[in-house]
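Notes for the one structure printed next.
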Amino acid sequence: MRKKSLALTTIFSLIYQVVVVICGIILPKLYMKYFGSELNGLVTSITQFLGFITLLEAGVGNVVQSSLYRPLAQKDDAEISKIIISSNRFFRKIALILAVYVAGLMVFYPFLVSNQYDWVFTATLILIISISSFAQYFFGISYQMLLNADQKGYVRLVLQIVTLILNTVVCGILMSLGFSIHIVKLSTAAIFILRPLGMNLYVKRHFNLDLSLKLEGEPIQQKWNGLAQHIANVVLINTDVTVLTLFSNLINVSIYSVYHNVVYGIQNLVTAFTSGLQALLGDMYAKKERELLVSTFERFEWLIHVLIEIAFGCALVLIIPFVKVYTADITDANYINIPFAVLITLAQASYCLRLPYNIMVMAAGHYKQTQASAIIEAIINVVVSASFVFRFGIIGVAIGTVAAMTYRSTYLAWYLSHNILNRNLFYYLKHISVDVLVFALIYTICGVFPADISTYYEWIMLAIKYALISILIIAVVNILFYFRECKSYVSGAVNKREGKK
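If you want it as C-alpha cells, here you go:
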C-alpha cells in the first residue's frame, strides 16, 4: 500500500510540475507581451513580497504533517481530529496577522514604485493577488497536510493540476481580449479558491473527523519553531527580488524572474520525485523500522543526486540558449547574462541537494533543533546580497543565494549524520564531489559544441544533443564511483520486468 501511494503521488507530482513549468513559461511571456517587462517585474515583486502567505505551508504545515504520522499509523481518529482543530485555529490566527501585513504592504509598497505606477493601481493589485492565498489558509491548508501525511497527496495534486491549467487558459484569453492586469489576476484568485473547497469536500467524505472535540493541551508540538523556520525561509527566498526592488529597478526584477522561473521549474521537477517520500519515511520512523528506514533513505539519496546531475547539468548549458529564443521579441531589456545564469542554476541545484536530508529531518520532526541554521541561512543571503548588489548588480544577489543555500544544505547533511541516522558525513561529501565533477564535465564538454540557435525547434534539437552527452557523462561517472548502486537499480529493474513476464 505504501509503495502504491508513493507511486501515485510521485506520478501526479511529476505531471503537476510539468504543468507548472509549461504554465510558468507561458504566463510571464504573455505578461511581457501584453503589459511589458516593467509590469511583469511589478507582478513578480508583489508576489515575492506576499511570500509570507504563499510559503506558510513550508513551515508550520510541515510541523502539522509530522504530528499526524503517528496517529495515522495508529488509526487514532480522535487524535487526528484534535491536530486538525489545533491546526485550523493556528492558521486562522496567522491569516489574520497576515491580513494586517497585506494592509501595510498596500500602504507602503506603492511608494517603492511610485515613479512607474500610481498608488491606487499598485495597492489594488496587491489586494487582488493576496485573495487566493488567504482562502487557502482559512479553508484548505490543514486538510492539505492531512492528505500529505496519509500518503494521499495525489488528491491535492489533481486539484492543483486542473486549476493551474484552467488559470493559464483563462488568463491567456483575457489578455488577448485586452483586459487589464487587475481583471486577469482577479480571475486567478477566483479559480484558485476552488482548490481548498475541493480538498474540504474530499476530506469530509473520506476521514472520520470530529471537529467538535475540546482540546486538552497542545497536540501540535514545535509549531512556533516551524513558523520561525518558515519566516527564515521566506526571507531567504524573497531576498533577491526585495534587494533588486529596493536597490536596483523593475527591469532587473523582470530579468531575474525569467531565469528564476526556469530553474525554479526544474527544481520543482526534481522535488516532484520526493513528493511522497516524507510521508513514507515519517511512517517508517513512527513505526521504528530503523533498518528499512536507513536502506530506503540511502537508495533515495543516491537517486536524487543523480536526478540533480541530469536536471541541473542540462540547465547549465541550455538556459542561455533558451532565454535567447524566449526573449527574442522582447526589446525593452537585455535578458542575456551568462554569469548570472550559471550562478542562479547552481543556487537552485544547491537547494535541491538538501532535499533528502531536509525531508528526513522533517519526517523525524526535528524543527526546533535545526531552527538556528535556517535563520543563519537567511542572514547570509541578506548580508551577502545587499553587500554585493551595488557592485555586481543582479549577479551580486545570485552570489548571496549560492552562499546561503550551500551553507544550509551542508548543515542539514551534517545534522542528519550526527543526530538521526548516525552515519559518517563522508557519504554526503562523496555525493557532492561527484556532483561537482559531473557539472564541470558537462559544462566543459557541451561548451565545445556550437549553440547558435534562433527557434524553439533548434533549441529542442540542441537540448536532445546536450541531454544525451550529459546522461553519458553521468552514467560513466556514477558507474565509477557508485557501481554497487547502479548494479542494484539495474538488477531490480530486470527482475521486475522478468517477474511481470
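In this text, residue positions in the sequence shown follow the working numbering: the first is 197, and each later residue adds one. A virtual CB, placed ideally from N, CA and C, is assigned to each residue, including glycine. This one's a predicted model, so the numbers in the text were calculated from it and none came from an experiment.
T597 and L549 have their C-alpha atoms some 14 Å from each other. Excluding sequence positions up to five before and after Y398, its CB lies within less than 6 Å of the CB of V351, all in the same chain and listed in chain order. DSSP, reduced to helix, strand and coil, places N464 within a helical segment of the structure shown. Between P267 and I281, the C-beta spacing is not below 7 Å.
Annotation for P535: I591 place their beta carbon closer than 7 Å to its own, counting only its chain and skipping 5 residues before and after.
By the neighbour-count criterion, in which a residue is buried when 16 or more other Cβ atoms sit within 10 angstroms of its Cβ, I515 is buried. Put simply, of A647, V593, I222 and I324 the residue whose alpha carbon is nearest the alpha carbon of I369 is I222. Secondary structure note for V644: it is in no alpha helix (DSSP H), with a DSSP letter that is neither H nor E.
Not a single unbroken stretch of the beta strand (DSSP E) spanning 3 or more residues falls wholly within the stretch 506-568. In terms of Cα proximity to G220, the closest of L503, V513, V459 and S546 is V459.
For L617, the closest of I555, L664 and Y639 by C-alpha to C-alpha distance is I555. Distance from the Cα of V449 is smallest, within the candidate group V214, C682 and M228, for M228.
Contact between M371 and L226 holds: their C-beta atoms lie close to 5 Å from each other, under 8 Å.
M395 places its beta carbon 7 Å or farther from that of Y455. With a cut-off of 8 Å on Cβ pairs, the stretch 521-530 is in contact with the stretch 647-662, counting three or more such pairs. Counted as a single uninterrupted DSSP element, the alpha helix (DSSP H) harbouring E234 occupies residues S233 to F245.
Residue environment for L301: buried (at least 16 other C-beta atoms within 10 angstroms of its C-beta). Taking 7 Å as the cut-off, the Cβ atoms of P552 and I500 count as close. Annotation: L621 to N615 spans about 12 Å, alpha carbon to alpha carbon.
By the Cβ-count criterion, I532 is exposed, with fewer than 16 other Cβ atoms from all chains shown falling within 10 Å of its own Cβ.
Counting every other CB atom within 10 Å of its CB across the protein chains shown gives K381 a total of 16 or more, marking it as buried.
Y611 carries a helical assignment under DSSP once its states are collapsed to helix, strand and coil. The shortest CA-to-CA distance from G478 to any of S283, M558 and S233 is the one to M558. Exposure of K400 is indicated by the presence of fewer than 16 other C-beta atoms within 10 angstroms of its C-beta. Put simply, the backbone Cα of L343 is about 45 Å away from that of F588. Our two residues, P306 and L292, have alpha carbons roughly 22 Å apart in a direct line. A direct Cα-Cα distance of roughly 7 Å separates T441 from S241. Rounded to the nearest whole angstrom, the CA to CA distance from C682 to I670 is 11 Å. In terms of Cα proximity to K626, the closest of T640, D314, N674 and P646 is N674. Bounds of any alpha helix (DSSP H) do not take in E412, whose DSSP letter is neither H nor E. Counting only the Cα atoms, I572 lies some 40 Å from I379. Just measuring C-alpha positions, the residue of A560, D528 and F496 sitting nearest K483 is A560.
The C-beta of D346 has 16 or more other C-beta atoms within 10 Å across all chains shown, which makes the residue buried. Judged by their CB atoms, L512 and T541 are nearer to each other than the 7 Å cut-off. Nearest neighbour of D406 by Cα position, chosen from V309, L637, D273 and W315, turns out to be D273.
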